[in-house]
Ligand SMILES: [Zn+2]
Ligand SMILES: [Zn+2]
């Protein structure tokens, strides 16, 4: 059992435990009922369904319940549409074909409107909620490529906002945990194009050395590791990304050939250096696979990289400036060499 670094409780499970629940976790039982509601309209009456005897409730009923509380508390006008409650982030998240039936503690709500007192009531009264986050009209985490401004984050108001997304790999699904208020939202999309790009560049048999230079919570680097790459380096300048990359090693370790995982810094300590330029080693593994996690500016990473000719994924935040991207890619090639791709 792993202790959650945010709330200290048992809200984090291993990849194996998560995957065991997956086929049916959001499926209704024979007694479950679904009442679809118009998300662009306010509730016509102040009623909402309660959970079925199986413990699940249709997502629209959960939203209706939250809408009633938020209007009672004054966070929403009575004319506000159901969608104004906020954005649902399901735990564990994966590409779904139908709206889910939610079991307990399977939803993190992101809302620009919610206040702290109301968030407390929501978490107390809506069993499907794990946590309530006040969001803003910006992407949480690092937005300045030169790392000179203090990143903005969303506010965790109540409960816990640690949740996982699940990504399919040919070796088995990868489970990636994150603290949602601190990192950008990835809606798992069908097809998973970035993962496919990694599969293509890693190849079979796998390349000897892979770098995920702007790794976020570690999805692409861990995907490469799961495909059997013996040496993987992951790096991100943002403390929450670097921390969760290290943590996700532990979560997915049953896929990997590791004797041990050493994590050098705890979450609380890393908050004291939220953005790092000089690469700082956050974690490393021993065993047949060597995986290193750094917090730092990817442009400084060449100073600490193991020797060799890597395949590098440069998953940059801003992919719109084609010229800047070319320059960054050329620069990386000159300093580090190997094969560079932008997933
Ligand atoms: Zn937690
Ligand atoms: Zn049911």
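Residue numbers (the numbering used here): -2 to 340. Every residue gets a Cβ at the ideal spot worked out from N, C-alpha and C, and that includes glycine.
For the pair residue 3 and residue 139, the CB atoms are not nearer than the 8 Å cut-off. DSSP places residue 67 in no beta strand (DSSP E) but in the uninterrupted alpha helix (DSSP H) bounded by 56 to 69. Taking non-hydrogen atoms of ligand 1 into account, the C-beta of residue 6 is found less than 7 Å away from one of them.
Around the beta carbon of residue 269, fewer than 16 other beta carbons sit within 10 angstroms, so the residue counts as exposed. By the CB criterion at 8 Å, residue 189 and residue 164 fall inside the cutoff. Contact check for residue 292 and residue 239: beta-carbon distance about 4 Å, within the 8 Å limit, so the pair qualifies. Between residue 143 and residue 318, the alpha-carbon positions lie close to 15 Å from each other. DSSP, reduced to helix, strand and coil, places residue 74 outside both helices and strands of the structure shown, so it counts as coil. In this structure, residue 49 has its beta carbon less than 7 Å from a heavy atom of ligand 2.
Sequence-distant partners of residue 332 (beyond 5 residues in either direction) whose C-beta falls short of 6 Å from its own C-beta, in its chain, are 299.
Taking C-beta separations shorter than 7 Å and ignoring five residues to either side along the sequence, the partners of residue 334 in its chain run 306, following chain order.
By the C-beta criterion, the stretch 130 to 139 is judged not to be in contact with the stretch 52 to 64, since fewer than 3 inter-stretch pairs fall below 8 Å. As computed with DSSP, residue 85 is found in a beta bridge with 106.
Secondary structure of residue 38 (DSSP, three-state): coil. In this structure, DSSP gives residue 153 an extended state, which the three-state scheme calls strand. Here the stretch 277 to 289 makes contact with the stretch 253 to 261; the two share three or more CB pairs at distances below 8 Å.
Three or more Cβ pairs closer than 8 Å define a contact, and the stretch 17 to 24 falls short of that threshold against the stretch 37 to 44.
Separation of the CB atoms of residue 36 and residue 78 is rounded to 6 Å, and the pair is thereby assigned contact status at 8 Å. Under a 10 Å Cβ-count criterion, residue 24 is classified as exposed, with fewer than 16 other Cβ atoms of the shown protein chains found around its own Cβ.
Listed in chain order, the non-local C-beta contacts of residue 225 below 6 Å within the same chain comprise 203, local neighbours out to five positions each way being set aside.
Residue 83 holds the alpha-carbon nearest to the alpha-carbon of residue 134 among 122, 83, 171, 158. Checking the 7 Å criterion, the Cβ of residue 25 is within range of a heavy atom belonging to ligand 2. In this structure, ligand 2 has a non-hydrogen atom nearer than 7 Å to the beta-carbon of residue 53.
At least 8 Å separates the beta-carbon of residue 233 from that of residue 221. In this structure residue 30 is exposed. Its beta-carbon is surrounded by fewer than 16 other beta-carbon atoms within 10 angstroms.
At a Cβ-Cβ threshold of 8 Å, residue 104 and residue 88 count as neighbours.
Relative to the non-hydrogen atoms of ligand 2, the Cβ of residue 28 comes within a distance shorter than 7 Å of at least one. The continuous alpha helix (DSSP H) containing residue 248 extends over residues 236 to 248. Distances from the CB of residue 3 to the heavy atoms of ligand 1 include at least one below 7 Å. If you look at residue 283, you'll find it in the beta strand (DSSP E) that goes 277 to 283. Cβ-Cβ distances below 6 Å link residue 264 to 2, 240 in the same chain, with the five nearest sequence neighbours on each side left out; the list follows chain order. A residue is called buried once 16 or more other Cβ atoms fall within 10 Å of its Cβ, and residue 6, having fewer, is exposed. At least one heavy atom of ligand 1 is found less than 7 Å from the C-beta of residue 157. Counting the other Cβ atoms within 10 Å of the Cβ of residue 231 gives 16 or more, which makes it buried. In the displayed model, residue -1 falls within a strand according to three-state DSSP.
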